[in-house]
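These notes are about the structure you will find just below.
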Amino acid sequence: MSTPQEQNKKTTTDALAPTLSTSDVDLADLDVSLIKRVVMSPSFALSVAIGLFVIFGLTQSPQFANPQAWINILRDATLIAMPAAFACIVLVSGGLDLSVGSVLVAGAMASAAVASAGLGAGTAFLAGTVVGAVIGLINGFFVNFAKIPPIIVTLGSLFAVRAAVVASTGGNPIGPLPDDFTFWGQGDIFGVPIVIMVGLVAVVAAHIVLSQTNYGWSIRAIGGNLIAARSAGIAVRKVSISVYVLSGTAAAFTGVVLAARLGSGSPTFGQGYELQVIAAAVIGGTSIYGAIGTVPGAALGALLLSVLSNGLVLLKIDPTWQNFVIGVVLVAAAGLDVFRRRQMFRVSAKRTAASRKVSS
Numbered sequence: 001m002s003t004p005q006e007q008n009k010k011t012t013t014d015a016l017a018p019t020l021s022t023s024d025v026d027l028a029d030l031d032v033s034l035i036k037r038v039v040m041s042p043s044f045a046l047s048v049a050i051g052l053f054v055i056f057g058l059t060q061s062p063q064f065a066n067p068q069a070w071i072n073i074l075r076d077a078t079l080i081a082m083p084a085a086f087a088c089i090v091l092v093s094g095g096l097d098l099s100v101g102s103v104l105v106a107g108a109m110a111s112a113a114v115a116s117a118g119l120g121a122g123t124a125f126l127a128g129t130v131v132g133a134v135i136g137l138i139n140g141f142f143v144n145f146a147k148i149p150p151i152i153v154t155l156g157s158l159f160a161v162r163a164a165v166v167a168s169t170g171g172n173p174i175g176p177l178p179d180d181f182t183f184w185g186q187g188d189i190f191g192v193p194i195v196i197m198v199g200l201v202a203v204v205a206a207h208i209v210l211s212q213t214n215y216g217w218s219i220r221a222i223g224g225n226l227i228a229a230r231s232a233g234i235a236v237r238k239v240s241i242s243v244y245v246l247s248g249t250a251a252a253f254t255g256v257v258l259a260a261r262l263g264s265g266s267p268t269f270g271q272g273y274e275l276q277v278i279a280a281a282v283i284g285g286t287s288i289y290g291a292i293g294t295v296p297g298a299a300l301g302a303l304l305l306s307v308l309s310n311g312l313v314l315l316k317i318d319p320t321w322q323n324f325v326i327g328v329v330l331v332a333a334a335g336l337d338v339f340r341r342r343q344m345f346r347v348s349a350k351r352t353a354a355s356r357k358v359s360s
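For what it's worth, UniProt numbering labels the leading residue of the sequence shown as 1, then goes sequentially.
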């Protein structure tokens, strides 16, 4: 007798077909060449891209071999990977969260205000994170009950939340912040920055949630086929709202960590951050159409963006080219997403035709 988890997985798998992620499709069965199969693995392609850029950087600048430079690269990657991991979950559900940057600054300023009031680091972290969860809940409510498209709801939040932050602070930063708070952003354990350790835990947790739980399968099912997911008994509204809460919480928590790292909170935090976060997820293989995507892929996307941005600085290339390079990579990733989907639908159609021949 199958367990409830196996039954749920089977039900949601039926709801997903044929939009399972490439990690859930047996690539050996695909009628494509080896090169195409490699292209269909975003994580492998990203790893190769990162490796090639690093090799190129090492040949051009000795600073690329500096351990401190890599610590900075990993720190920056962590601050993108944490919100990107949960933005990936939103995208997999068929949603979109463009409010990440504004939620980040809201969390940063809330935690900075609490920390500067002497209420303790724990209370400051909690306050900032709760702010993000509440904003995420509001986003999820309007998307699911008011039936407003996610892009409109979260774009509205992007402007409204940042305006509220600027108005409440007068546009002034809050700081310097106490040592018990900044320790979590500036400290290290056995030489490993706490920021990186916290980010790793967050990414692993997001990966487990999406890939190893009934909840994660429900998220993927909703993104794959909303009607089928509802017919399968999945609480679509509840799950959909929850992914926005998770995204808001992660973005705000990232803002808290950023404030701790820099020793102050500033209303300018997070400007344009949502674009980096979405770019990391899409570059990592997350489909903007829903159902397809992995958290490790989003994390690798964040690492690629960090390697590119920091690498261009180390190579003394005009910073204005950074956004150009990121834009080119993003468009290429979106193109690969379309290609992968066409391949999977083509294979699915072949399998369906073959099964019909057998049954007839």
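Glycine included, C-beta positions come from ideal geometry on N, C-alpha and C. Just so you know, these numbers come straight off a predicted model, no measurement behind them.
Under DSSP, residue 97 takes part in no beta bridge, so it has no partner. Counting the other CB atoms within 10 Å of its CB gives residue 79 a total of 16 or more, which places it among the buried residues. Under the DSSP assignment, residue 291 falls outside any alpha helix (DSSP H); it carries neither an H nor an E label. For residue 259, the uninterrupted alpha helix (DSSP H) segment begins and ends at 236-262. Using a 10 angstroms sphere on the CB of residue 324, the tally of other CB atoms stays under 16, which defines it as exposed.
Only residues of its own chain outside the window of five on either side were considered, and among them 101 have a CB closer than 7 Å to the CB of residue 271, listed in chain order. A Cβ-Cβ separation of about 14 Å leaves residue 298 out of contact with residue 45 under the 8 Å criterion.
In the DSSP assignment, residue 66 falls outside any alpha helix (DSSP H) and carries neither an H nor an E. Nearest Cα to residue 161 within the set 244, 105, 260: 105. Ranked by Cα distance from residue 316, the first of 202, 60, 148 is 60. Secondary structure of residue 318 (DSSP, three-state): coil.
In the three-state reduction of the DSSP assignment, residue 50 falls in the helix class, which pools H, G and I. Burial state of residue 168 is exposed, judged by a 10 Å Cβ sphere holding fewer than 16 other Cβ atoms. Residue pairing by DSSP places residue 193 opposite 188 in a beta bridge. Residue state for residue 118 is assigned as coil, using DSSP reduced to three classes. Burial state of residue 268 is exposed, judged by a 10 Å Cβ sphere holding fewer than 16 other Cβ atoms. Taking 4 residues as the minimum length, the alpha helix (DSSP H) runs contained wholly in the region 147-190 are 150-169, 179-186, in order along the chain. Inter-residue distance for residue 170 and residue 108 is about 15 Å (C-alpha atoms, whole angstroms). Residue 114 is classed as buried because its beta carbon has at least 16 other beta carbons within 10 Å across all chains shown. In the DSSP secondary-structure assignment, residue 265 is bridged to 174. Within its own chain, the residues whose Cβ lies closer than 8 Å to the Cβ of residue 310, once the five positions on either side in sequence are excluded, are 69, 72, 73, 76, listed in chain order. Residue state for residue 214 is assigned as helix, using DSSP reduced to three classes.
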